[in-house]
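S.K.: If you scroll down you'll find the structure; I have some questions about it.
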Amino acid sequence: MTVTGRGNAAGPARSDALTEDAALEAAMPKGPLDPTLPAGAYLDPAWHEREMRACFRSGWVLACREEELTAPGAFVRTTIDGDDLLIVRGADEKIRAFHNVCRHRGSRLIIDEPSRTDAPACAPLAPAEHGASGKTKSVFRCPYHSWTYELDGSLRTAPFLQELPGFEKSDLGLYAAAAATWGGFVFIKLDTVSASAPGGGLIEALGPISERVARYPLADLRIAHRTIYDVAANWKVILENYNECYHCGPVHPELCRVVPAFRETGGAGLDWEAGIPHRDGAWTYTMSGTSLRDRFAGLNEDELVRHKGEVLYPNMMLSLSADHVAVFALIPLNPNRTKIVFDLLLDPKEMDKPGHGPEDALEFWDVVNRQDWRICESVQQGMTSSVFKAGYYAPMEDYSLDMRRYIRETVGEPPLRGPAQR
Numbered sequence: 001m002t003v004t005g006r007g008n009a010a011g012p013a014r015s016d017a018l019t020e021d022a023a024l025e026a027a028m029p030k031g032p033l034d035p036t037l038p039a040g041a042y043l044d045p046a047w048h049e050r051e052m053r054a055c056f057r058s059g060w061v062l063a064c065r066e067e068e069l070t071a072p073g074a075f076v077r078t079t080i081d082g083d084d085l086l087i088v089r090g091a092d093e094k095i096r097a098f099h100n101v102c103r104h105r106g107s108r109l110i111i112d113e114p115s116r117t118d119a120p121a122c123a124p125l126a127p128a129e130h131g132a133s134g135k136t137k138s139v140f141r142c143p144y145h146s147w148t149y150e151l152d153g154s155l156r157t158a159p160f161l162q163e164l165p166g167f168e169k170s171d172l173g174l175y176a177a178a179a180a181t182w183g184g185f186v187f188i189k190l191d192t193v194s195a196s197a198p199g200g201g202l203i204e205a206l207g208p209i210s211e212r213v214a215r216y217p218l219a220d221l222r223i224a225h226r227t228i229y230d231v232a233a234n235w236k237v238i239l240e241n242y243n244e245c246y247h248c249g250p251v252h253p254e255l256c257r258v259v260p261a262f263r264e265t266g267g268a269g270l271d272w273e274a275g276i277p278h279r280d281g282a283w284t285y286t287m288s289g290t291s292l293r294d295r296f297a298g299l300n301e302d303e304l305v306r307h308k309g310e311v312l313y314p315n316m317m318l319s320l321s322a323d324h325v326a327v328f329a330l331i332p333l334n335p336n337r338t339k340i341v342f343d344l345l346l347d348p349k350e351m352d353k354p355g356h357g358p359e360d361a362l363e364f365w366d367v368v369n370r371q372d373w374r375i376c377e378s379v380q381q382g383m384t385s386s387v388f389k390a391g392y393y394a395p396m397e398d399y400s401l402d403m404r405r406y407i408r409e410t411v412g413e414p415p416l417r418g419p420a421q422r
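The numbering used here applies: residue 1 is where the sequence shown begins, and numbers increase by one.
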């Protein structure tokens, strides 16, 4: 394994560190169980920065829903790896993304409107509160010197500079990020070069996911409720937890009453791609396993009575029931903390019917989510122990094992330990 984060060490200290790491690597878990990523992958700040560059700057990041950009000039403000961004619907209805930075002197164009990244952890929000601002702009005007930009990012005016010889407005448009949509979701990629390169588009990133969920009317659904969670755990811990249900028996009694197979087999032997079967008479993720809401039209026989889950790295977790969809957008804040934007999506025609609102699904999901966050925080705390080197993946956690492959292919070989373990 490659040792990182100690490149400035010199002489005996460096030699001692290498010797110690070699001993640590030799003591990594062995046997029939596959080892997880080492502790340093979840704890080391320098490694976290590498992940943010490789995964979140160079990958397609779930940013918002199209419905949050309802009309030309509507915008959402968000942050990816420290870059403040504006996602905008243009006069031509096209969705674009720009860095929230004036080309003149670097001032923020939008100052007072909140970013969804900065929003505090909260109880579910009412539908009117879903958008980042609830406002629209006909142009973006810098508050510093009034440089003004069109909704497509081009520079409209720069006061008193229009007649300056050699001044070309076309050279001074806003810095852009790549934006693409799928299923009503808006994704952003900061690396615009790779986004336009062969194989670098959103469709290529989705791979078989789009086909597996093609019968769900994702683009037609609307946000019925949003909850923002602040979780004291690494983003990969949360994704790995989502990718398996070996933990569901001990952690999720309510979930196991709807899906007894989780308790009875630890999630082994289930056909995850076809969907997870519910107990007899149950067909959705609510406390009762049923709902007054109609099931989505067009689902196949399995999808009408099963639950599906998908992950799009780096930050989207998608859970699909026959009558609602739950989506999680992970926003890493540091190695030990992740903000999670949780949206519950329903058919708007169902939301208009009395008693068909999101309350039953929301009650279920909030219980399950908080159980997950609590155990993820416990994992994060335990990994800081000086004796923890790496964990194990059980056979029924093979989808979690995929995280190890993704990180090694995308970022490289992580450090063995976190700073607090040294």
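Backbone N, C-alpha and C fix where the C-beta goes; we use that ideal spot for every residue, glycine too.
What does a CB cutoff of less than 6 Å around D302 pick up in its chain, not counting 5 residues either side in sequence?
M.R.: Taking the first residue of the sequence shown as position 1, residue 302 is located at position 302. Correct list, in chain order: A274, G275.
S.K.: Would you check if the segment 245-259 and the segment 222-232 touch, i.e. whether three or more CB-CB distances between them fall below 8 Å?
M.R.: In this structure the segment 222-232 does not touch the segment 245-259; the number of beta carbon pairs closer than 8 Å is below three.
S.K.: Touch check for the segment 181-193 and the segment 51-62: three-plus C-beta pairs under 8 Å?
M.R.: yes
S.K.: Looking at C-alpha atoms only, which residue of H252, V311, A282 is the closest neighbour of V213?
M.R.: Residue 213 sits at position 213 when you count from the first residue of the sequence shown. Looking at the Cα atoms, V311 is the closest of the given residues.
S.K.: Can you tell me whether DSSP reads G166 as helix, strand or coil?
M.R.: On the sequence shown, residue 166 is found 166 positions in, with the first residue counted as 1. If DSSP states are grouped into helix, strand and coil, G166 belongs with coil.
S.K.: With a CB to CB cut of under 8 Å and the five nearest residues on each side skipped, what residues in its chain are close to E350?
M.R.: The residue labelled residue 350 in the question sits at position 350 within the sequence shown. Contacts found: R293, D294, D323, H356.
S.K.: Spatial neighbours of R417 within its chain, please: C-beta separation below 6 Å, excluding the five flanking residues on both sides.
M.R.: Counted from its first residue, the sequence shown places residue 417 at position 417. The residues are A39, G40.
S.K.: Please confirm whether I407 and E67 have their CB atoms less than 9 Å apart.
M.R.: Here residue 407 is taken as the residue at index 407 of the sequence shown, counted from 1. Here residue 67 is taken as the residue at index 67 of the sequence shown, counted from 1. No, they are not a contact pair.
S.K.: So V259 packs on C376, CB below 8 Å; how close in whole Å?
M.R.: Position 259 of the sequence shown, counted from the start, is the residue given in the question as residue 259. Position 376 of the sequence shown, counted from the start, is the residue given in the question as residue 376. So it is not a contact: roughly 20 Å between Cβ atoms.
S.K.: Among F75, A394, A71, C55, whose alpha-carbon lies nearest the alpha-carbon of N241?
M.R.: Within the sequence shown, residue 241 is the residue found at index 241, counting from 1. Out of F75, A394, A71, C55, A394 has the C-alpha closest to the C-alpha of N241.
S.K.: Where S196 and T265 are concerned, what is the direct C-alpha to C-alpha distance, given to the nearest angstrom?
M.R.: Numbered from its first residue, the sequence shown carries residue 196 at position 196. Numbered from its first residue, the sequence shown carries residue 265 at position 265. If you take the alpha carbons of S196 and T265, they lie about 44 Å apart.
S.K.: Just verifying my parser: in three-state terms, what is the DSSP assignment at V61?
M.R.: By 1-based counting over the sequence shown, the position of residue 61 is 61. V61: strand per DSSP, three-state reduction.
S.K.: According to DSSP, simplified to helix, strand and coil, what is Y350?
M.R.: Against the sequence shown, residue 350 aligns to sequence position 350. Here residue 350 turns out to be Glu, not Tyr, going by the sequence shown. Helix, per DSSP.
S.K.: Excluding the five sequence neighbours on either side, which residues of its own chain have a C-beta within less than 6 Å of the C-beta of D84, listed in chain order?
M.R.: Position 84 of the sequence shown, counting from 1, holds the residue named residue 84. Taken in chain order, the residues that qualify are N100.
S.K.: I need the DSSP call for A17, collapsed to helix, strand or coil.
M.R.: Translated into positions along the sequence shown, residue 17 becomes position 17. With a pLDDT of 44 at A17, under the threshold of 50, the modelled position of that residue is not reliable, and the figure given next carries that caveat. A17: helix per DSSP, three-state reduction.
S.K.: So, with DSSP's three-state summary, where would you put K308?
M.R.: Position 308 of the sequence shown, counted from the first residue, corresponds to residue 308. Strand, per DSSP.
S.K.: Hey, A219 and G184 are a contact pair by Cβ (cut 8 Å); roughly how many whole angstroms apart?
M.R.: Translated into the one-based positions of the sequence shown, residue 219 becomes position 219. Translated into the one-based positions of the sequence shown, residue 184 becomes position 184. Correct: roughly 4 Å between the Cβ atoms.
S.K.: Who are the Cβ neighbours of N8 in its own chain at under 8 Å, not counting the five residues just before and after it?
M.R.: Counting from 1 along the sequence shown, the entry for residue 8 is found at position 8. At N8, the pLDDT of 32 sits below 50, so the modelled position is not reliable; the number obtained from the coordinates is stated separately. Cβ neighbours of N8 beyond the five flanking positions: none.
S.K.: Start and end of the alpha helix (DSSP H) containing H48?
M.R.: Stepping through the sequence shown from its first residue, residue 48 is reached at position 48. It spans 45-51 - the alpha helix (DSSP H) in which H48 sits, taken as one unbroken run.
S.K.: Just verifying my parser: in three-state terms, what is the DSSP assignment at S319?
M.R.: Your numbering for residue 319 matches position 319 in the sequence shown. Three-state DSSP puts S319 in a strand.
S.K.: Is DSSP giving P38 helix, strand or coil here?
M.R.: Start at 1 with the first residue of the sequence shown, and residue 38 comes out as number 38. In the structure shown, P38 sits in a strand (DSSP, three-state: E or B).
S.K.: Express the C-alpha separation of R370 and A261 in angstroms, rounding to a whole number.
M.R.: On the sequence shown, position 261 is the one that residue 261 refers to. On the sequence shown, position 370 is the one that residue 370 refers to. So the two alpha carbons sit approximately 21 Å from each other.
S.K.: Look at the alpha carbon of A97 and the alpha carbon of A158, and state the distance between them as a whole number of angstroms.
M.R.: Along the sequence shown, read from residue 1 onward, the residue named residue 97 stands at position 97. Along the sequence shown, read from residue 1 onward, the residue named residue 158 stands at position 158. Looking at the two C-alpha atoms, the distance is approximately 21 Å.
S.K.: Contact defined as beta carbons within less than 8 Å: I believe L299 pairs with G309. What is the distance between those atoms, to the nearest angstrom?
M.R.: As a working note, residue 299 is residue 299 in the sequence shown. As a working note, residue 309 is residue 309 in the sequence shown. Contact annotation, L299 with G309: C-beta distance approximately 15 Å; criterion of less than 8 Å not satisfied.
S.K.: Could you tell me if N234 is buried or exposed, where buried requires 16 or more neighbouring beta carbons within 10 angstroms of its beta carbon?
M.R.: For the purposes of this step, residue 234 is taken as the residue at position 234 of the sequence shown. N234 comes out buried.
S.K.: Given that a residue counts as buried once 16 or more other Cβ atoms are within 10 Å of its Cβ, and exposed if not, what is D372?
M.R.: By 1-based counting over the sequence shown, the position of residue 372 is 372. By the neighbour-count rule (16 or more Cβ atoms within 10 Å), D372 is buried.
S.K.: Where does the unbroken beta strand (DSSP E) through L330 begin, and where does it stop?
M.R.: In the sequence shown, counting from the first residue as 1, residue 330 sits at position 330. Element bounds for L330: 325-334.
S.K.: Within 10 Å of its beta-carbon, does V76 have 16 or more other beta-carbons around it, so buried, or fewer, so exposed?
M.R.: For the purposes of this step, residue 76 is taken as residue 76 along the sequence shown, with counting starting at 1. So V76 ends up on the buried side.
S.K.: Specify the secondary structure class of W182 as computed by DSSP and reduced to three states.
M.R.: Start at 1 with the first residue of the sequence shown, and residue 182 comes out as number 182. Looking at W182 - three-state DSSP - the assignment turns out to be strand.
S.K.: Once you ignore the five residues that flank A426 on each side, which residues in its own chain have a CB closer than 6 Å to its CB?
M.R.: The requested residue 426 does not occur in the structure, where the chain is confined to residues 1 to 422.
S.K.: Of all the options D280, R405, L69, A176, which has the alpha carbon lying nearest to the alpha carbon of E93?
M.R.: On the sequence shown, position 93 is the one that residue 93 refers to. Among D280, R405, L69, A176, the Cα nearest to that of E93 is on L69.
S.K.: Identify whether G391 lies in helix, strand or coil by the three-state DSSP scheme.
M.R.: On the sequence shown, residue 391 is found 391 positions in, with the first residue counted as 1. In the three-state DSSP reduction, G391 falls in the strand class (E or B).
S.K.: For P414, count neighbouring Cβ atoms within 10 angstroms of its own Cβ and tell me buried if that reaches 16, exposed if not.
M.R.: Within the sequence shown, numbered from 1, the residue matching residue 414 stands at position 414. Buried.
S.K.: Hey, could you find the ends of the beta strand (DSSP E) R156 is sitting in?
M.R.: In the sequence shown, counting from the first residue as 1, residue 156 sits at position 156. Unbroken beta strand (DSSP E) run through R156: 155-157.
S.K.: From which residue to which residue does the beta strand (DSSP E) around I95 run?
M.R.: For this step, residue 95 is matched to residue 95 along the sequence shown. Taken as a continuous stretch (DSSP letters only), the beta strand (DSSP E) holding I95 covers 95-99.
S.K.: Could you compute how far the alpha carbon of W182 sits from the alpha carbon of G73?
M.R.: Here residue 182 refers to the residue found at position 182 when the sequence shown is read from its first residue. Here residue 73 refers to the residue found at position 73 when the sequence shown is read from its first residue. One C-alpha to the other measures close to 20 Å.
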